[in-house]
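A.B. asks:
There are 2 protein chains.
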Amino acid sequence: MAGPFTLAETERQVSERLGGLPLDYAAMAVTSNLFRAANAVRNHLERSVLAQHNLSWTGFVVLWVTWIWEPIETRQIALEGGFSKATLTGVLTTLQDRGWVTRERSQADGRLVLVRLTDDGRAMMTELFPEFNLEEQHISGPIDVARREELAEMLRLITVNVEKADSTIPPA
Amino acid sequence: MAGPFTLAETERQVSERLGGLPLDYAAMAVTSNLFRAANAVRNHLERSVLAQHNLSWTGFVVLWVTWIWEPIETRQIALEGGFSKATLTGVLTTLQDRGWVTRERSQADGRLVLVRLTDDGRAMMTELFPEFNLEEQHISGPIDVARREELAEMLRLITVNVEKADSTIPPA
DNA sequence: CGGTGATTGTTCGGGGACGAACAATCACTA
DNA sequence: TAGTGATTGTTCGTCCCCGAACAATCACCG
Numbered sequence: 013m014a015g016p017f018t019l020a021e022t023e024r025q026v027s028e029r030l031g032g033l034p035l036d037y038a039a040m041a042v043t044s045n046l047f048r049a050a051n052a053v054r055n056h057l058e059r060s061v062l063a064q065h066n067l068s069w070t071g072f073v074v075l076w077v078t079w080i081w082e083p084i085e086t087r088q089i090a091l092e093g094g095f096s097k098a099t100l101t102g103v104l105t106t107l108q109d110r111g112w113v114t115r116e117r118s119q120a121d122g123r124l125v126l127v128r129l130t131d132d133g134r135a136m137m138t139e140l141f142p143e144f145n146l147e148e149q150h151i152s153g154p155i156d157v158a159r160r161e162e163l164a165e166m167l168r169l170i171t172v173n174v175e176k177a178d179s180t181i182p183p184a
Numbered sequence: 013m014a015g016p017f018t019l020a021e022t023e024r025q026v027s028e029r030l031g032g033l034p035l036d037y038a039a040m041a042v043t044s045n046l047f048r049a050a051n052a053v054r055n056h057l058e059r060s061v062l063a064q065h066n067l068s069w070t071g072f073v074v075l076w077v078t079w080i081w082e083p084i085e086t087r088q089i090a091l092e093g094g095f096s097k098a099t100l101t102g103v104l105t106t107l108q109d110r111g112w113v114t115r116e117r118s119q120a121d122g123r124l125v126l127v128r129l130t131d132d133g134r135a136m137m138t139e140l141f142p143e144f145n146l147e148e149q150h151i152s153g154p155i156d157v158a159r160r161e162e163l164a165e166m167l168r169l170i171t172v173n174v175e176k177a178d179s180t181i182p183p184a
């Protein structure tokens, strides 16, 4: 949504479509730029560092969370990664088939499943993560080092705000 | 990746895993918060306004771009939306089956396909978009109005920077 | 004209993503 | 200790998403 068209062009066209309705263009810009950025960064990281190891973005996130906190319960991985448990089940199976993680039923609580990295999985992360972090640096490149923390904080505020709204409404 | 664990906890664990390797934690925070925010916002919008109309996020983006610029070529929709042409083909078929858009081969260039909204599609967007924009306002809520443009601009800088990198490397 | 190379949208295969329904397990109380 | 309600991970169906291979079309130059 930040393609060949100018922001001014888009605003003019939008107001034409909606007549006199008052719109918050700043909020529109935040949303659209947020998604453009996330999409672009995700595609870039998948094609540069991740593709070499046959890894998807979500697969990498699961591996990363597990790497840091193993042994870890699946519900916690989903929480940290920000996706549903249904999604996690599939991704976890893929990672298990590739020999990077193991599943193990919890002794203490028969409902829980504990996830660990295999030696292969750990070796790959040790090699992969520095490359990944280097790319992350390039991505934040155009932003003043001083402003990066400010940016991260604003994004965090948006996240907690939205998740708060989702957790108060759904209890239907 | 901004779940129950503290940022300090995570940093300590990461540095333990990687020994003495120097990492850019600010860049890490930007990336992870970017994705958490995008995920949270997307899920929220899909569940609140979009689900009522049986619309996915991408479906909405396609409809929105078409609504503003119709008639529009498919390659331009993909460019504006930030996804691949293969993805667009599927989504477009879904939207067409639901009766919201039409495909039409270009007279001038037989390779191109022009997309337009049906009357139903236009009616839905006229009703839907104000609701959508209201939710966008809530999402940006915790950010100072003055800082929203700053946030949008930083995200835009990241996007153009990453896309520039992708367009200079690939020509293999 | 005819041929070469580029561009466009579709198809295909594999994986990701979610909500809803489900069986297994647990906690808690009577 | 039996029973009720909540929690967890999986399955299922449906759609999204991409890269690679493909056929149709076009632009350009000889």
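From first to last, the protein sequence lines are chains A and B.
The first sequence maps to residues 13 to 184 in my numbering.
The second sequence maps to residues 13 to 184 in my numbering.
Using N, Cα and C, we set each Cβ at its ideal position, and we do this for glycine too.
1. Could you name the residues of chain A that B/Ile151 contacts, counting a contact when the two beta carbons are closer than 8 Å?
2. Beta-carbon within less than 8 Å of B/Ile155's beta-carbon, same chain only, minus the 5 sequence neighbours each way: which residues are those?
3. Identify which residue in A/Asn173, A/Ala50 and A/Pro83 has its Cα closest to the Cα of A/Gln119.
4. Classify A/Thr114 as helix, strand or coil using the three-state DSSP reduction.
5. Pull out every residue of the segment 124-136 of chain B whose Cβ sits closer than 8 Å to any Cβ of chain A, in chain order.
6. Any beta-carbon of chain A closer than 8 Å to the one on B/Leu30?
7. Within 8 Å of any Cβ in chain B, is that where the Cβ of A/Val74 sits?
8. What are the partner residues of B/Leu129, as DSSP defines its beta bridges?
9. Looking at the structure shown, is A/Ile84 part of a helix, part of a strand, or coil, going by DSSP?
10. Go through its chain and collect everything with a Cβ distance to A/Gly133's Cβ below 7 Å, but skip five positions before and after it.
11. Starting from the C-beta of A/Pro183, find all residues in its chain whose C-beta is less than 6 Å away, skip the five residues before and the five after it, and write them out in chain order.
12. Taking the beta carbon of A/Arg115 as the centre, do at least 16 other beta carbons fall within 10 Å, making it buried, or is it exposed?
13. By the 10 Å Cβ neighbour count, where 16 or more other Cβ atoms means buried, how is A/Leu33 classified, buried or exposed?
14. For a contact defined as C-beta to C-beta under 9 Å, what are the partners of B/Trp112 on chain A?
15. Quick check on this structure: which residue in A/Ala98, A/Asp109, A/Glu165 and A/Ala41 has the alpha carbon closest to the alpha carbon of B/Thr43?
16. For B/Val53, collect the residues of the same chain with a Cβ closer than 7 Å to its Cβ; drop the 5 residues on either side in sequence, then sort them by chain order.
17. Quick one: is B/Gly122 near chain A, going by C-beta distance under 8 Å?
18. Within the continuous alpha helix (DSSP H) that includes B/Leu46, where are the two ends?
19. Can you check whether the C-beta of A/Val61 is within less than 8 Å of a C-beta belonging to chain B?
20. Under a CB-based cut-off of 8 Å, is A/Glu161 close to chain B?
21. Let me know if A/Val157 comes out buried or exposed under the rule of 16 or more other beta-carbons within 10 Å of its beta-carbon.
22. Could you give the DSSP three-state label for A/Pro142: helix, strand or coil?
23. With distances taken Cα to Cα, identify the nearest neighbour of A/Gly102 among A/Thr70, A/Asp121 and A/Arg123.
24. Contact criterion: CB-CB distance below 8 Å. Does B/Glu148 meet it with respect to chain A?
25. So A/Arg48 contacts chain B; which residues on that side make the cut at Cβ distance below 8 Å?
26. I want to see whether chain A comes within less than 8 Å of B/Gln25, judged by CB atoms only; does it?
27. Report the residue from A/Arg59, A/Val127 and A/Ala135 whose alpha carbon sits nearest the alpha carbon of A/Gln88.
28. For A/Met215, collect the residues of the same chain with a Cβ closer than 8 Å to its Cβ; drop the 5 residues on either side in sequence, then sort them by chain order.
29. Could you say which of B/Arg24, B/Asn173 and B/Phe47 lies nearest to A/Trp81 if we only look at CA atoms?
30. For B/Gln64, which three-state DSSP category applies?
31. Among A/Arg160, A/Leu169 and A/Glu143, whose alpha-carbon lies nearest the alpha-carbon of B/Ala39?
32. When we look at the beta-carbon of B/Val20 and count the other beta-carbons within 10 Å, is it buried (16 or more) or exposed?
33. Compare the C-alpha of B/Asn45 against each of A/Lys97, A/Leu167 and A/Ala177 and name the closest.
34. Is the CB of B/Asn51 under 8 Å away from at least one CB in chain A?
35. Measure from the C-beta of B/Ala189 to each C-beta in chain A and report whether the shortest distance is under 8 Å.
C.D. replies: On the basis of the coordinates in this document:
1. Ala39, Val42, Thr43, Ile170, Asn173 and Val174
2. Leu163
3. A/Pro83
4. strand
5. In summary, no residue of the segment 124-136 of chain B has a CB separated from any CB of chain A by less than 8 Å.
6. yes
7. no
8. B/Val113
9. Note: A/Ile84 maps to strand in three-state DSSP.
10. Leu75, Trp112 and Val113
11. Because A/Pro183 sits at a pLDDT of 40, beneath the cut-off of 50, its placement in the model cannot be relied upon, and the following sentence gives the value as read from the coordinates. Cβ neighbours of A/Pro183 beyond the five flanking positions: none.
12. exposed
13. exposed
14. Result: empty, since nearest Cβ-Cβ is about 15 Å, beyond 9 Å.
15. A check of alpha carbon separations from B/Thr43 across A/Ala98, A/Asp109, A/Glu165 and A/Ala41 identifies A/Glu165 as the nearest.
16. The residues Ile151, in chain order, have a CB closer than 7 Å to that of B/Val53 in the same chain once the five nearest residues on each side in sequence are set aside.
17. Closer than 8 Å to the CB of B/Gly122 there is not a single CB belonging to chain A.
18. Tyr37 to Leu57
19. It does not; no Cβ of chain B falls within 8 Å.
20. yes
21. exposed
22. If DSSP states are grouped into helix, strand and coil, A/Pro142 belongs with the helices.
23. A/Thr70
24. yes
25. Gly94, Leu167, Arg168 and Thr171
26. yes
27. A/Val127
28. Lying before the first or after the last residue shown, residue 215 of chain A is absent from chain A, which here runs from 13 to 184.
29. B/Arg24
30. helix
31. For B/Ala39, the closest of A/Arg160, A/Leu169 and A/Glu143 by C-alpha to C-alpha distance is A/Arg160.
32. Residue identity differs from the one stated: residue 20 of chain B is Ala in this sequence, not Val. By the 10 Å Cβ count, B/Ala20 comes out exposed.
33. A/Leu167
34. yes
35. No answer is possible for residue 189 of chain B: it lies beyond the span of chain B, which begins at 13 and ends at 184.
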